[in-house]
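Shown next, in structure tokens, is the structure this report addresses.
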Amino acid sequence: MNRRHNRYCASEEWRDLMVGKVLPWVLEGVDLSGPVLELGPGPGLVTEALVRYGVEDLTSLEIEPGAADRLRDRYGSRVRVMTGDATDMPFEAGAFSTIVCCTMLHHVPTVAAQNAVLGEAHRVIRPGGVMAGSDSRRNLRLWFFHTFDTYNPIDPADFTPRARAAGFADVEMETVDDTFRFRAGA
Ligand SMILES: C[S@@+](CC[C@H](N)C(=O)[O-])C[C@H]1O[C@@H](n2cnc3c(N)ncnc32)[C@H](O)[C@@H]1O
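Structure representation (structure tokens):
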């Protein structure tokens, strides 16, 4: 992420929006009692919320080594922070019962790589598990905000067919204003 974006993802403004509004909507009714995988934690506001929600078995997978190191320093053994690429996850099939994926997919540079993330998510989630997440719809303000950064937003209308093609059977998608949330059941 560029520095401005990184700062924003750690800001009180983002906390109010993501943790205060979007995350409760994303996680409404989602079972967090089994092993949970978070994709793309960045500065970690969602990680922090998942810990506060009482998720006992939490793994966070982050592609940027510096961001992963900072989270590791912060959480020690409380969260298993892994440096790695969600297009090729370093986990056994069926390792997780829930995947949380917020504001991450638009940072994955190509449609093929995003589809690989969905395919890997389906592989590492156990039958009956769910992938829940959110992202932003394409808009000019966000495009500008991602100068010198990856910006490849998914069209919400495409999410369901792409998640089904990745193997998820039961997919829901809902849009409010500039944000969409999704649930994909394995
Ligand atoms: C905008 S931040 C989102 C932070 C947090 N999830 C939130 O919603 O506040 C997106 C994060 O996804 C990470 N990311 C992008 N591509 C990834 C990949 N292929 N595998 C794992 N993490 C990735 C980025 O490095 C960045 O830290």
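All residue numbers for the sequence shown refer to our numbering, where the first residue is 397 and numbers rise by one. Yeah, the Cβ is synthetic: ideal placement off N, Cα and C, and Gly gets one too.
Residue i (DSSP reduced to helix, strand or coil)
i: S473; result: helix
i: F578; result: strand
i: D412; result: helix
i: E452; result: coil
i: D427; result: coil
i: F555; result: helix
i: V442; result: helix
Residue i Cβ short of 6 Å to ligand 1 heavy atom set
i: H518; result: no
i: H542; result: no
i: E458; result: yes
i: A482; result: yes
i: G438; result: yes
i: A528; result: no
i: L514; result: no
Residue environment, residue i, which counts as buried when at least 16 other CB atoms sit within 10 Å
i: G425; result: exposed
i: L454; result: buried
i: D566; result: exposed
i: A482; result: buried
i: V507; result: exposed
Item to check | Any 3 or more C-beta pairs closer than 8 Å across the region 460-475 and the region 491-509 | outcome: Judged by Cβ distances under 8 Å, the region 460-475 makes no contact with the region 491-509, as fewer than three pairs qualify.
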